[in-house]
Structure formats: structure tokens, C-alpha cells
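Residue numbers are given in my numbering: position 285 of the sequence shown equals residue 285, and the series is strictly consecutive. Below: the structure, in C-alpha cells.
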Amino acid sequence: MQFKEIYYRILSDFFPEHLIIQFGDQKLFYRKRTWRVFDEEKNTWEERGLRYGENPDQPAALYELVGGNLILGDCHFIDPEKGLVSALKEKDFLQFGKHPSKINLTDIDSGLNIIKYLMDKPAACIIKHNNPCGVAQGETLVQALERAFLADRIAAFGGCVVLNRPLDKESAEWISQFYFEVVVAPEYEEGTFDLLKKWKNLRIVKIQKIDRLHEYVDFPFIEFKSLMDGGIIVQRSFINQIRKPEDLKPAVALYKGREYRILREPTPKEMEDMLFGWAVLQGVTSNSVVFVKDRTTCAIATGEQDRVGAVQIAIFKAYQKFADSLSFKKYGIPYYELEQEVKEGKRPYEDKELIDQKVKEEHGGLKGSVLISDGFFPFKDGPELAIREGITAIVQPGGSERDHEVIEVCNRADPPVAMVFTGQRCFRH
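Below, the structure is given as C-alpha cells:
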């Protein structure tokens, strides 16, 4: 049996053409999304929905909200006719590539959920398995792309690239060098499609409403979590309340009648990185921490059970990815290949030593970075580890019984580390 064939088959789905979800006397109406696609093997046009779900043996369907308005309490949920991923039509797939599965579309959605907070500058987000590999802003789109890619070049392989500006020719030439599964932009300038289509399995997607993504930051929607017993948990989607410097508050804690206050406030640059990192966390599975420098992610730790573990893993990844980035930029090969070539005598040891020394000096690129945490630090161990790596500031929700200990750790650092509280947790599971 050719096991790789399972990734190319398309499952039939028996889901209904329409769904109606009723909340008391209020109804939401959904329509299944399918596309008319040309099958080159059969030489025929076929009507198809999703290729499959999370795995090749899971049928799946995509539904778009097409009718109804939902108001619960004082919360007015998103109206129909604002579709992004669920509203994709045939014309929006400039190239279908390998027909999309559930993960391809949820990757796009995860990228949009981050990018919507970063519309002030050209931004690029590379997503893999619904989590960002690298996110960056730049003065140009290609600069943002390169920064996001080199933040974690290894994980970016086969990822989903989400952009907040029309794809220009320089950026398309850059993308065409590497293997990605999906590219998403609000528009494609003349000549860019010809550069990208050399990858025949690449899904090239246009979402024109990306230029209006900033409008979506205040649109709540209903989230469903299905339980194994057939039950469901329903919740309102998360609304990020931390979007500007004044939303962040200096870290202060009261412990046994004594007030503990952070000594140093963040600089404007640190504040920029804090807000950028908090935006990135909106698309990261919890428990998570992110290190950010110059509006670019240095390391992202996702889905950890303990917060100090997330910090440890992020630091490990930072050293690994930074070494790979330096090797790729200097020698055009991954760090792993550099090690192998030195070991086999194909390269002088000095080539590797040069990279290793730079990694050590820069603490894996973490020196001068900011640490962002989606939940409070229950102990001081996580911040202590990060401070040893040369971070200059921390942003976290606050609210731990040991906030005072973390404040003292920051104040004792040389130089002191700035810290602010969000007063808001942003878990995502």
C-alpha cells in the first residue's frame, strides 16, 4: 500500500447543505461551502468541499454564516456577510493546488486572527498546525517576510503564509524560493502569480477583506467545543483589550501589607514589542510565552502544561533557531548540515565556531528582547531564566499570589527589568 496516497484522496462528506443553530428564539443560518474544481486525472469538473478534516480519514465540511443575528445579554455577535475564510469562492483560489483540508483553512484563520492587530505596518505571519512559527512587521512586505521566516526557518517549511499587504513582485520572488503550502494576501500584483505557480501544489488565496481586518477586532463570535459524550461547551470569542500603551499598567503588588512596585517603566521601543507580542499570543495555543525583539518573534513556546517549562522550551528553541538562521544567512545551509560537514571534514571547524560564538554572545537572539506571557507567572523561576538570557522587559497578566517576588526579581536585575501587567489573560485552547 502506498501510504502517501491517503494524503491526496478526497473524502465524500454526508453533512447537510444547511445548518440552523438556535439560541432560544434566535436562529443562525449556515450554508455549506463547496467549490467547482477541475480534476486533472479525471479530466472533469467536480463539486467539492473540504478534502478531509484534521486527518485523511476524517470527513469534514465548511459552513458560512449566511443569515440571522445573535444578541446575548449586551453582546451583539458578528453579523452575516462578513465572511473571510468561510466565504472563499472559486475565484479567490488563484490556484487550488492540492485541494484544501480543514487544517489549511484553520491555519489561514489563525494567521488572520493575529494579523488583524498588526495592520499599521506591513506584516507577515507564517502558521503551522494553527500556531505561528514566526511573525514580523517591517518597513516593507519583503522585510517582514524575511524576518518572520528566519525567526523559525525550520518550522516554516510547508507552512501557511498570511500577509496584510498586496503581494508585490519582490516578495513573490522571495516566497518562490521556499516550499510553502498556502499563501494568502489581499491582492496579487501583476507578475506575482507566475512566480508562485511553479509550486503546483501551492494554494494561492486572495482575501480582499484583509485590508479591513482592523474592523474585526471588536466582532465577537460564538465558539463551540464538542465533548466526547456528544455534549458541547459554548463561549463568546476572546476580545483583546490590550491594543495601545495606556492599556498596560506598571506592575504593582500588595503582599502582607507592603506594596511592591516595579522600578523601571518600559521604553517606547519595549512598549511596541510588548503590544506586538501580545497580539501574537492571540494565535498561540496556551500555556504559551513569546520572546519578541524589533517587532519580530525570537521564539514561541506553545501548549505547555507549566509556565516555567514554556520559558525553558522557548529559550532552547531560540538558541536552536538563531544558530540555524545565522548558518543559513552566512553559508546558505541549515546549521544541522553545517555540523555534519564539519564533522565529516568538508568544512573547517572555524565555520561552526564562528556561528556558535555569535549564538553565545547574543544568547540565541534573546539579548535585548521582551518576554510576553499569556498567563501570570505563578513563581519567579520563569522570569529568572529569561532575565539570565538578557531580556529587558516582561509583560504578563499579573494576579499571582507571588507577583511581589517577580517584581523583586526584575528590580534586582542589573540593569533593572521593566514589567507591566495587562490585567487580562489570553488563554487559547
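We put the beta carbon where it would ideally sit given N, CA and C, even for glycine.
Asked: Sheet register partners of Q305 (DSSP bridge); Found: Beta-bridge pairing links Q305 to no other residue.
Asked: For A123 and Y188, the rounded distance between their alpha carbons; Found: 15 Å
Asked: Beta-carbon spacing of E389, H363 below 7 Å; Found: yes
Asked: Opposing strand residues paired with A393 [DSSP bridges]; Found: V370 and A418
Asked: Residue of E350, A310, E181 and D273 minimising C-alpha distance to D107; Found: E181
Asked: Best match in F316, A310, V417 and R243 for proximity to I391 [C-alpha to C-alpha]; Found: V417
Asked: Other residues of its chain near M1: CB distance less than 8 Å, five sequence neighbours each side excluded; Found: Low confidence applies here, because M1 scores a pLDDT of 48, under 50, leaving its location unreliable; read the following figure in that light. Here the set comprises nothing.
Asked: Contact belief for V370 with M274 at Cβ below 8 Å, rounded distance in angstroms; Found: 6 Å
Asked: Start-to-end residues for the beta strand (DSSP E) that takes in Y260; Found: R258 to R261
Asked: Cβ-based burial, I233 [other Cβ within 10 Å; buried from 16]; Found: exposed
Asked: Range covered by the alpha helix (DSSP H) that runs through R31; Found: That residue, R31, is in no alpha helix (DSSP H); its beta strand (DSSP E) goes Q26 to K32.
Asked: Exposed unless 16 or more other CB atoms sit within 10 angstroms - verdict on M419; Found: buried
Asked: Three-state class that DSSP yields for S226 in the structure shown; Found: strand
Asked: In DSSP terms, what K128 is bridged to; Found: N131
Asked: Coarse secondary structure for I242, derived from DSSP in three states; Found: coil
Asked: Whether G138 touches I127 by CB criterion (7 Å); Found: no
Asked: CB of S286 within 7 Å of CB of R428, strictly; Found: yes
Asked: Extent of the continuous beta strand (DSSP E) to which G67 belongs; Found: Y63 to G67
Asked: Presumed contact (8 Å Cβ cut-off) between G85 and D109, rounded CB distance; Found: For the sequence presented, residue 85 should be read as Val rather than Gly. Rounded, the Cβ-Cβ distance is 5 Å, consistent with contact.
Asked: The segment 184-201 touching the segment 29-41, judged by at least three CB pairs closer than 8 Å; Found: no
Asked: Beta carbon of K249 nearer than 7 Å to that of F421; Found: yes
Asked: Any non-hydrogen atom of the ligand ADP closer than 6 Å to W35 Cβ; Found: Absence of the ligand ADP is noted for the structure shown, with no ligands found whatsoever.
Asked: Buried or exposed (CB count within 10 angstroms, at least 16 for buried), L281; Found: buried
Asked: Cβ distance (whole Å) where V142 is taken to contact S171 below 8 Å; Found: 5 Å
Asked: Beta-carbon proximity check, L213 vs K116, cutoff 7 Å; Found: yes
Asked: Residues that Y255 bridges to, as DSSP identifies them; Found: R258
Asked: Cut-off 6 Å between Cβ atoms - residues of its own chain near S373, not counting five sequence neighbours on either side; Found: V289 and Q396
Asked: N- and C-terminal bounds of the alpha helix (DSSP H) containing D39; Found: That residue, D39, is in no alpha helix (DSSP H); its beta strand (DSSP E) goes W35 to D39.
Asked: Residue environment, I435, which counts as buried when at least 16 other CB atoms sit within 10 Å; Found: No statement about residue 435 is possible, as the shown extent of the chain runs from 1 to 429 and does not include it.
Asked: 8 Å contact criterion, which F276 and L366 should meet: CB distance rounded; Found: Rounded, the Cβ-Cβ distance is 16 Å, inconsistent with contact.
Asked: Backbone CA spacing between A253 and L105 [nearest angstrom]; Found: 43 Å
Asked: Residue environment, G257, which counts as buried when at least 16 other CB atoms sit within 10 Å; Found: exposed
Asked: For T44, three-class secondary structure by DSSP; Found: strand
Asked: Strand pairing of C75, partner residues [DSSP]; Found: L72
Asked: Complete runs of the beta strand (DSSP E) confined to the segment 85-121 [at least 3 residues]; Found: 93-95
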